[in-house]
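K.L.:
Chains as they are written, first to last, in this note's numbering: chain L, 30 to 198; chain P, 30 to 198.
First the structure, which I've put down as structure tokens, then a few questions once you've had a look.
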């Protein structure tokens, strides 16, 4: 089931790629440089749009790596354009594509830590549910909100993406 | 595991209650009416703060109801104050408290629909992962962002709440 949750993260990153495409098109229609989006914030003491995208990517990527013991590709935070952000998003989608349900067999009971925790640990199940998943949606939604606030024509359906629905019987 | 995901939603609603408390305190310190928060939006064509709180509540409540077949309490969207929004949040926390893991035993394979789907259905597993959980975090994070943008002193730790961490060995 944790593998399914990563499939959903992958889907959400695919949606993020579409919002970035819409932002680039919006910049063209407004005759502005799409780089302007990267520094936007909802409030002055918030990290900028580029950080929200980078952190959504890293949260998914590092959670998959920590919960499976598989190395993650390095992504220094050097993106300066929408296209470079899109490339990063797609690199993480490709990375997540490489996992099978079997890779997560021991995920729930793994002992997880990260540098800023100063040696403290969480079980894999707690880490995923309490930390990785809420953080992922937090940065994803914040990125969405910044684009929405600055006129990019995206709405709730673009947030969710297509649903696996079955026709009436 | 779906029951654990609802425990996390319950925890996140508990955090939302704390943000609302911080908003009320912020209004006092600014000598303004805390009701002012209910109509705030990040962008003019967005539904207001009160709606974001109501919808986070309803998403959790109705998902638990649909996935278990248990009736949910009705909450007409009549809140006009922060205290009334807090009461609604806490009513949903209490509702979610009433579920056990056993209640969700058939959740994944249930056929789920809702009025606006015009007879289309989703499996319980797909509905929870693709619809309920992303929607919940979407409205929760949007509510958080609106408060942040208007000066309520809350940050990422207030979003996540306390983590189940273990001391270094």
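Every residue, glycine too, gets a C-beta built ideally from N, C-alpha and C.
Taking the alpha helix (DSSP H) that residue 39/L falls in, what are its first and last residues?
P.N.:
31-58
K.L.:
Classify residue 123/L as helix, strand or coil using the three-state DSSP reduction.
P.N.:
In this structure, residue 123/L counts as helix in the three-state DSSP scheme.
K.L.:
If residue 188/P sits next to residue 38/P, beta carbons under 8 Å apart, how far is it from one beta carbon to the other, in whole angstroms?
P.N.:
Between residue 38/P and residue 188/P the Cβ distance is about 14 Å, and since that is not below 8 Å, they are no contact.
K.L.:
Could you please give me the residues that DSSP links to residue 152/P through a beta bridge?
P.N.:
140/P
K.L.:
For residue 153/P, count the other beta carbons within 10 Å of its own beta carbon; 16 or more makes it buried, fewer makes it exposed. Which is it?
P.N.:
buried
K.L.:
Under 8 Å between the Cβ atoms of residue 177/P and residue 82/L?
P.N.:
no
K.L.:
Taking 8 Å as the cut-off, decide whether the C-beta atoms of residue 192/L and residue 85/L are in contact.
P.N.:
no
K.L.:
Does the distance from the C-beta atom of residue 78/L to that of residue 91/L stay below 8 Å?
P.N.:
no
K.L.:
Just mark residue 61/L as buried or exposed, buried being the case when its beta carbon has 16 or more other beta carbons within 10 Å.
P.N.:
Per the 10 Å Cβ criterion, exposed.
K.L.:
Check whether the Cβ atoms of residue 52/P and residue 141/P lie closer than 8 Å to each other.
P.N.:
no
K.L.:
Closer than 8 Å by beta-carbon distance: list the chain L residues that pair up with residue 7/P, in chain order.
P.N.:
No answer is possible for residue 7/P: the residues shown for chain P start at 30 and end at 198.
K.L.:
If I measure Cβ to Cβ from residue 46/L and keep anything under 8 Å in the same chain, skipping five residues before and after, which residues do I get?
P.N.:
115, 118, 119 and 122
K.L.:
Give the range of the alpha helix (DSSP H) segment to which residue 75/L is assigned.
P.N.:
Per DSSP, residue 75/L belongs to no alpha helix (DSSP H) and is neither H nor E.
K.L.:
Quick one: give me the first and last residue of the alpha helix (DSSP H) that residue 192/L is part of.
P.N.:
Here residue 192/L belongs to no alpha helix (DSSP H), and DSSP marks it neither H nor E.
K.L.:
If you run the structure through DSSP and keep just helix, strand and coil, what is residue 163/P?
P.N.:
In the structure shown, residue 163/P sits in a helix (DSSP, three-state: H, G or I).
K.L.:
Do you know offhand how far residue 88/L's Cα is from residue 76/P's?
P.N.:
Straight-line measurement puts the Cα of residue 76/P at about 28 Å from the Cα of residue 88/L.
K.L.:
Counting only beta-carbon atoms, is residue 105/P nearer than 8 Å to chain L?
P.N.:
no
K.L.:
When DSSP labels each residue in this structure, what does residue 88/P get in the three-state scheme?
P.N.:
helix
K.L.:
Can you list the residues of chain P that residue 181/L reaches, using a CB-CB cut of under 9 Å?
P.N.:
Here the premise fails: no neighbours, minimum Cβ distance about 10 Å.
K.L.:
My output table needs one value for residue 68/P: the three-state DSSP class, helix, strand or coil.
P.N.:
helix
K.L.:
From 194/L, 65/L and 54/L, pick the residue whose C-alpha is nearest to that of residue 156/P; which is it?
P.N.:
194/L
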